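Asks:
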Amino acid sequence: MKMLAKRIIPCLDVDKGRVVKGKKFQNIRDVADPVELAKRYNEAGADELVFYDITASNEERNIFLDVVEKVASEVTIPFTVGGGIRTVEDIHKVLRSGADKVSINSAAVNNPDLIEEAALKFGSQCIVLSIDAKQNDKNQWEVYTNGGRYNTSMDAIDWAIQGEKLGAGEIVVNVIDTDGEKSGYNLELTKIIAESVNIPIVASGGAGQLEHFSQVLQPGYADAALAASVFHYEEISIPELKKHLADNGIDVRRDLSWK
Amino acid sequence: MIAIIDYGAGNIKSLQFALSKLNMESCLTTDPEKIKDSKAIILPGVGAFKDAIASLNQLGLSEVLKKEAAKGKPLIGICLGMQLFYERSFEDGKWEGLGLVKGNVRRIPDSVKVPHIGWNNISAHTNSPLLKNINNGAYVYFVHSYAVNKYQNNTLIASTEYGGSIPAIVQQDNIVGMQFHPEKSGAVGLQLLQNLKEMIS
Chain A
1 MKMLAKRIIP CLDVDKGRVV KGKKFQNIRD VADPVELAKR YNEAGADELV FYDITASNEE
61 RNIFLDVVEK VASEVTIPFT VGGGIRTVED IHKVLRSGAD KVSINSAAVN NPDLIEEAAL
121 KFGSQCIVLS IDAKQNDKNQ WEVYTNGGRY NTSMDAIDWA IQGEKLGAGE IVVNVIDTDG
181 EKSGYNLELT KIIAESVNIP IVASGGAGQL EHFSQVLQPG YADAALAASV FHYEEISIPE
241 LKKHLADNGI DVRRDLSWK
Chain B
1001 MIAIIDYGAG NIKSLQFALS KLNMESCLTT DPEKIKDSKA IILPGVGAFK DAIASLNQLG
1061 LSEVLKKEAA KGKPLIGICL GMQLFYERSF EDGKWEGLGL VKGNVRRIPD SVKVPHIGWN
1121 NISAHTNSPL LKNINNGAYV YFVHSYAVNK YQNNTLIAST EYGGSIPAIV QQDNIVGMQF
1181 HPEKSGAVGL QLLQNLKEMI S
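Chains as they are written, first to last, in the working numbering: chain A, 1 to 259; chain B, 1001 to 1201.
Structure follows, in structure tokens:
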């Protein structure tokens, strides 16, 4: 049976209008202009992009919305915006600025109705539930919020199931333990969540080598793989990655299909 | 001037940006006069069917769209916009659509993950100019939970496979629907919009 192509999603953390990348959410350093990077990924064959606004103030929020609009004017692939989304009005603003989807993390934990309201208003397809998970010493996966700083003690798998019921159209499974470590995605949690819900799963946190992508994009695991530094620092090129995946029997969008 | 019907929330900006890349002049509007004066109309895809049709009715645009379509003006529906052309939708209930094209809108079966999010191939069913320079099997970007069924076969230009066959591009004379987002489908999407531009002019 023909499958939907697996997606490769570069993720851009944006602080005051610049893309930054840290390890385990710490030691953030400046990397590049988000619009330039977005154009580069678009041309290289990225299937989608994610922008996280890691700033907080309202003033900086407006800088971010300008970035969103500039990206929308330059790239012709879908992109998701996350970070600092707390209300239906916030969602409305980013969608109107040209984003295709919004990713909601802490605000959904604090107010699960937000997912439900937003899904009803804008459609499930543009509401992404992003889960930051970390394993405790009893091997349970717990949900963290506020950029990995706060442990909610909620079970990540239960939260994913609830998120689907509330109307989320996609789930990002970001594993804090592996984030920035380049030791591979956490296959275990990705698989459990993929088996627990019937919406697409985006794996996040830990990509370092080509094989990490082919592992997590096997049937039964993730539908898409998100990564940041391997792309930002050009350790892995997207065409090379797509070739590796195709060689390993994973359906990806490669041919740009021009006659 | 192409009139893009601005009937609510959602990402319309990307569509406008894509059109301007191709030098296709457009405006966002709900003004019946502007719509009547336009060269073509695009009904974009945002939100839920029920809300969308309610907005169109409330703004008095359903009648305008039907009249313009009857006059032969190109009417292009994208994603939900295409679904609105049909007779009825079963999205969270049962709702009457514009009824310009015969068929229903139903949820994609749960045998596959819903929403259908991502890049999928389209296969051509006819030799339409809408598919000029597009290879069979080209990838385009889909984001939807509902799809058209019980349509008339002669309206099908291209389809995709996802839990069964899904109409991807349909055409009935001057009415064209695209279930995916051409404005989000990279180079292939821009070529499809270019083909629409040629159809309009």
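Where is the CB? At the ideal position from N, CA and C, for every residue including glycine. Note that the coordinates shown come from a computational prediction; the quantities given were computed from them, not determined experimentally.
1. Can you list, in chain order, the residues of its chain with a C-beta nearer than 6 Å to that of Phe1142 of chain B? Leave out the 5 residues immediately preceding and following it.
2. If you measure between the beta carbons of Asn1039 of chain B and Ile1076 of chain B, is that distance less than 8 Å?
3. Could you give the residue range of the beta strand (DSSP E) that holds Ala1003 of chain B?
4. For Asn151 of chain A, name the three-state secondary structure that DSSP assigns.
5. Would you call the segment 74-85 of chain A in contact with the segment 99-107 of chain A, where contact means no fewer than 3 C-beta pairs closer than 8 Å?
6. Which of the three DSSP states, helix, strand or coil, is assigned to Asp90 of chain A?
7. Which residue wins for smallest C-alpha separation from Ile1041 of chain B, given the options B:Ser1055, B:Ile1005, B:Ala1018?
8. In chain A, what lies closer than 9 Å to Val1143 of chain B by C-beta?
9. Considering only C-alpha positions, which residue in the set B:Asn1174, B:Ile1166, B:Gln1152 is nearest to Glu1087 of chain B?
10. Name the DSSP bridge partner or partners of Lys101 of chain A?
11. Would you verify that the beta carbon of Trp1119 of chain B is, or is not, closer than 8 Å to some beta carbon of chain A?
12. Does the CB of Ser1014 of chain B have a neighbour CB from chain A at under 8 Å?
13. Beta-carbon within less than 8 Å of Tyr144 of chain A's beta-carbon, same chain only, minus the 5 sequence neighbours each way: which residues are those?
14. Looking at chain A, is there any beta carbon in it that lies within less than 8 Å of the beta carbon of Tyr1007 of chain B?
15. Quick one: using the 10 Å Cβ neighbour count with 16 as the cut-off for buried, is Lys23 of chain A buried or exposed?
16. Against chain B, which members of the segment 200-232 of chain A pass a CB distance test of less than 9 Å?
17. Does the contact criterion of 3 or more C-beta pairs under 8 Å hold for the segment 104-121 of chain A versus the segment 64-81 of chain A?
18. Please state the DSSP three-state secondary structure of Val230 of chain A.
19. In this structure, does DSSP put Pro1129 of chain B in helix, strand or coil?
20. With a cut-off of 8 Å on the beta carbons, I'd call Ile1183 of chain B and Ala1018 of chain B a contact; round off their distance for me.
21. In the segment 182-200 of chain A, which residues sit with their C-beta less than 8 Å from some C-beta in chain B, listed in chain order?
22. Are the CB atoms of Leu1043 of chain B and Lys1066 of chain B within a distance shorter than 8 Å?
23. Have a look at Ala1158 of chain B and Leu1080 of chain B and give me their C-alpha separation to the nearest angstrom.
24. Looking only at C-alpha atoms, which of A:Leu217, A:Gln209, A:Glu36 sits nearest to Gly267 of chain A?
25. Express the C-alpha separation of Lys1102 of chain B and Val88 of chain A in angstroms, rounding to a whole number.
26. Would Asp113 of chain A pass as an interface residue toward chain B - the criterion being a Cβ-Cβ separation below 8 Å?
27. Using the DSSP secondary-structure output, state which residues sit across from Met1178 of chain B in a beta bridge.
28. So what's Pro1044 of chain B in DSSP terms, helix, strand or just coil?
29. Would you say Trp258 of chain A faces chain B, with C-beta separation under 8 Å as the test?
30. Leu1204 of chain B: buried (16+ other C-beta within 10 angstroms of its C-beta) or exposed?
31. For chain A, check one thing: does any of its Cβ atoms lie closer than 8 Å to the Cβ of Tyr1162 of chain B?
32. Pop quiz: His212 of chain A and Tyr185 of chain A are said to be a contact at Cβ under 8 Å. What is the actual Cβ separation, rounded to whole angstroms?
33. Going by DSSP, name the residue or residues bridged to Arg18 of chain A.
34. Using a C-beta cutoff of 8 Å, does Leu37 of chain A count as contacting chain B?
35. Once the 5 residues before and after Leu1156 of chain B are set aside, which same chain residues still bring their CB inside 7 Å of it?
36. Restricting to Cα atoms, I'd like to know which of B:Glu1025, B:Ala1138, B:Gly1093, B:Ser1014 is closest to Tyr1146 of chain B.
Replies: Per the coordinate set shown:
1. The answer, listed in chain order, is His1116, Asn1120, Phe1180.
2. Per the sequence shown, residue 1039 of chain B should be read as Lys rather than Asn. No, these two residues do not count as a Cβ contact at 8 Å.
3. Per DSSP, Ala1003 of chain B belongs to the beta strand (DSSP E) from 1002-1005.
4. It is a strand residue.
5. The answer is yes - the segment 99-107 of chain A touches the segment 74-85 of chain A, with three or more Cβ pairs under 8 Å.
6. Looking at Asp90 of chain A - three-state DSSP - the assignment turns out to be helix.
7. Checked all of B:Ser1055, B:Ile1005, B:Ala1018; the closest Cα to Ile1041 of chain B is B:Ile1005.
8. Contact annotation for Val1143 of chain B against chain A: Pro78, Asp100, Lys101, Gly123, Gln125, Cys126, Gly169 [CB-CB distance below 9 Å, chain order].
9. Nearest to Glu1087 of chain B by alpha-carbon distance, out of B:Asn1174, B:Ile1166, B:Gln1152, is B:Gln1152.
10. Paired residue(s): A:Thr80.
11. The Cβ of Trp1119 of chain B sits closer than 8 Å to at least one Cβ of chain A.
12. Among the residues facing chain A, Ser1014 of chain B is included, as its CB has a counterpart in that chain under 8 Å away.
13. Only Asp132, Ala133, Lys134, Tyr150, Asn151, Thr152, Ile176 meet the Cβ criterion.
14. For Tyr1007 of chain B, no Cβ of chain A is located within less than 8 Å of the residue's own Cβ.
15. Because the pLDDT at Lys23 of chain A is just 48, under 50, the model does not fix this residue reliably, and the value given afterwards should be weighed accordingly. It is exposed - the Cβ of Lys23 of chain A has fewer than 16 other Cβ atoms within 10 Å.
16. Listed in sequence order: Pro200, Ile201, Asp223, Ala224.
17. No contact exists between the segment 104-121 of chain A and the segment 64-81 of chain A.
18. Judged by DSSP in its simplified three-state form, Val230 of chain A adopts helix.
19. Residue state, collapsed to three classes: helix.
20. In the sequence under discussion, the amino acid at residue 1183 of chain B is Glu, which differs from the Ile named in the question. So it is a contact: roughly 4 Å between Cβ atoms.
21. Within the segment 182-200 of chain A, the qualifying residues are Asn198, Ile199, Pro200.
22. No, the Cβ-Cβ distance between Lys1066 of chain B and Leu1043 of chain B is not below 8 Å.
23. Each residue's Cα considered, the two are about 17 Å apart.
24. Only positions 1 to 259 of chain A appear in the structure, and residue 267 of chain A is not among them; the question remains open.
25. When rounded, the distance between both Cα atoms is 35 Å.
26. Cβ-Cβ to chain B under 8 Å: no for Asp113 of chain A.
27. Per DSSP, B:Ile1078, B:Ile1169.
28. Residue state, collapsed to three classes: coil.
29. For Trp258 of chain A, the pLDDT reaches just 41, beneath the cut-off of 50, and the residue's location in the model is therefore unreliable, although a value from the coordinates is still provided. The Cβ of Trp258 of chain A sits closer than 8 Å to at least one Cβ of chain B.
30. The question about residue 1204 of chain B has no answer, for chain B in this structure spans 1001 to 1201.
31. With 8 Å as the cut-off, Tyr1162 of chain B counts as an interface residue toward chain A.
32. So it is a contact: roughly 6 Å between Cβ atoms.
33. According to the DSSP secondary-structure assignment, Arg18 of chain A is paired through a beta bridge with A:Asp15.
34. So, not an interface residue.
35. For Leu1156 of chain B, where only same-chain residues beyond five positions count, the Cβ hits under 7 Å are His1125, Pro1167, Val1170.
36. In this structure, B:Gly1093 is the residue among B:Glu1025, B:Ala1138, B:Gly1093, B:Ser1014 with its C-alpha nearest to the C-alpha of Tyr1146 of chain B.
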